[in-house]
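Protein sequence lines, in the order shown, are assigned to chains C and Y. The first sequence begins at 171 in the numbering used here and counts up one residue at a time. The second sequence begins at 171 in the numbering used here and counts up one residue at a time.
There are 2 protein chains.
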Amino acid sequence: MTNAAQRKRPARSPSGSNAVGLLAQPTRLALGALPHLLGYSLRRAQLAVFADFHAAFAPLELRPAQFSALLLIDANPGCKQSEAAEALGIMQPNFVALMDDLEARGLARRAPAKADRRSHALELTGKGRLLLARAMTVVTSHEARATGGLSAAEARQLFELLARVQQTAGRDTAETAPGSFRS
Amino acid sequence: MTNAAQRKRPARSPSGSNAVGLLAQPTRLALGALPHLLGYSLRRAQLAVFADFHAAFAPLELRPAQFSALLLIDANPGCKQSEAAEALGIMQPNFVALMDDLEARGLARRAPAKADRRSHALELTGKGRLLLARAMTVVTSHEARATGGLSAAEARQLFELLARVQQTAGRDTAETAPGSFRS
DNA sequence: GGATTTAGATATAGGTCATAACTATCTCTG
DNA sequence: CAGAGATAGTTATGACCTATATCTAAATCC
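This is the structure we're talking about:
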């Protein structure tokens, strides 16, 4: 059945192909069911927002995960690495490199925990607090751009719906092979 | 070693150890402003949904990008690689490997384009169409789980808000270096 | 016919997410 | 108290995704 020549109609350009090809139109493809898939819509929206984040935070040399770590440590001084990683949804091994970088840049510190010599008490340095303060102003304008197309009520609802999605999707995940969670 | 002989109480559980038998509390950290950052909320929700996707699609050995490619090619038979990549928001070089894999598995094909010997006309094979049909049933239940916490009206609104966020965030991104889109 | 552009491919690098395995320390129990 | 087991952090590693620069062949433009 290699007779594929019959239904080859691309149907891409409703007007008669590009005989003289003037504009080389972008030829928008049909996305099919994709826009109705929650994961796809979430991913596209997230990438768009993160693109703005990256651009806005480039001067501070902070990536989203680093910024969230600074924020979390600031809100929970003295917390353990495993606690911080868990709260941020980052695997502990990956959080190590993140902290290494923050510490190397003098933004955060692994202070010895008093009661447990295994664990570290994370805290921001003065420099870290200063950078975080700068970052807060940056994030404010970033946030304004990200939610710029929404009314205040819509933004509030969006956050609420996202929280619910994360809750329910995180709770009853389709289980298959044991221990297979691949990214 | 500084005075390590201080053997104080474990201090892990505010109430006296595990004496009461309550499991070690997770000690939820304060997330600070994070839940009010759109990018953060989007990312967490997306990861939760994708985790379910991965689990559900593991038997088909389809990752999100592969599934979306199958869907797109099915909806646009004969399209070019660059068109497909652009529609999916994937860089062309990265789409090459994706197509290589789909083609190696006999799910899609790079047919020669009639009018342009440089480009390929992408299309699904019979096997690809069959797998896609199976995938559609899987994605239906996956979608039901992902949106399980939402009413139909809420789900509709969520999609609408996500589309708006993607639009506006994609439109006026904080610009730094010219030509730097997403990173 | 030569310059430019476009389609696709290759190579490469960085970032994110995940797992296994190792060391050091703590806790619990016999 | 000693050893079993759990926990905190680290290292190493791999899969996947994303982005850039570069290369070729072929189309298009002048």
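We put the beta carbon where it would ideally sit given N, CA and C, even for glycine.
Three or more C-beta pairs under 8 Å: does that hold for the region 227-247 of chain Y against the region 200-214 of chain C? Touching, per the Cβ criterion.
Under the three-state reduction of DSSP, which class applies to E247/Y: helix, strand or coil? The sequence shown places Pro at residue 247/Y, not Glu. P247/Y: coil per DSSP, three-state reduction.
According to DSSP, which residues form a beta bridge with P282/C? Partner(s): H290/C.
What's the C-alpha gap between P263/C and A254/C? Approximately 12 Å, taken between the alpha carbons.
If you reduce the DSSP assignment to three classes, tell me which class A226/Y lands in. Here DSSP, grouped into helix, strand and coil, assigns A226/Y to helix.
Excluding the five sequence neighbours on either side, which residues of its own chain have a C-beta within less than 7 Å of the C-beta of A314/Y, listed in chain order? Cβ within range, chain order: n/a, list empty.
Option in G259/Y, E256/Y and A239/Y with minimal Cα separation from D270/Y: Looking at the Cα atoms, A239/Y is the closest of the given residues.
Where G191/Y and A285/C are concerned, what is the direct C-alpha to C-alpha distance, given to the nearest angstrom? For G191/Y, the predicted structure reports a pLDDT of 30, less than 50, and the residue's modelled location is therefore unreliable. A value from the coordinates is still provided. C-alpha of G191/Y to C-alpha of A285/C: approximately 21 Å in a straight line.
Beta-carbon neighbours of P234/Y, restricted to chain C and to distances below 7 Å: Going along chain C in sequence order, the residues near P234/Y (Cβ under 7 Å) are G209.
Output yes or no for whether 8 Å exceeds the beta carbon distance between G319/C and R334/Y. Result yes, Cβ atoms of G319/C and R334/Y sit closer than 8 Å.
Residues in the region 326-343 of chain Y with C-beta within 8 Å of chain C's C-beta atoms, listed in sequence order? Taking 8 Å as the Cβ-Cβ cut-off against chain C, the residues of the region 326-343 of chain Y that qualify are Q327, L328, F329, L331, L332, A333, R334, V335, Q336, Q337, T338, A339, G340, D342 and T343.
Should R288/C be flagged as near chain Y, meaning a C-beta pair shorter than 8 Å? No, R288/C does not count as interfacial toward chain Y.
Quick check: is the beta carbon of A323/Y nearer than 8 Å to any beta carbon in chain C? No - not a single Cβ of chain C is within 8 Å of the one on A323/Y.
I260/Y to L208/C span [Cα, whole Å]: Distance between the alpha carbons of I260/Y and L208/C: 18 Å.
Where E231/Y falls: helix, strand or coil (DSSP): Assigned with DSSP and collapsed to three states, E231/Y falls in coil, not helix or strand.
Out of curiosity, what's the CA-to-CA distance linking I235/C and T307/Y? First, the amino acid is wrong: residue 235/C is Ala here, not Ile. When the Cα atoms are used, A235/C and T307/Y turn out to be separated by approximately 35 Å.
Helix or strand or just coil, what does DSSP make of R275/C? Correct three-state label for R275/C: coil.
Name the chain Y residues whose beta carbon is nearer than 7 Å to that of N246/C? Contact of N246/C with chain Y by beta-carbon distance below 7 Å involves L199 and A200.
Is any beta-carbon of chain Y found at less than 8 Å from that of F220/C? Contact with chain Y is found for F220/C, since one of that chain's Cβ atoms lies less than 8 Å from the residue's Cβ.
Determine the burial state of K250/C: buried for a count of at least 16 other Cβ atoms within 10 Å of its Cβ, exposed for fewer. Answer is buried; the Cβ neighbour count reaches 16.
Whole angstroms is fine: what's the gap from S252/C's alpha carbon to A274/Y's? Distance between the alpha carbons of S252/C and A274/Y is about 42 Å.
For chain Y, find out if any of its Cβ atoms is closer than 8 Å to the Cβ of A316/C; answer yes or no. Cβ-Cβ to chain Y under 8 Å: yes for A316/C.
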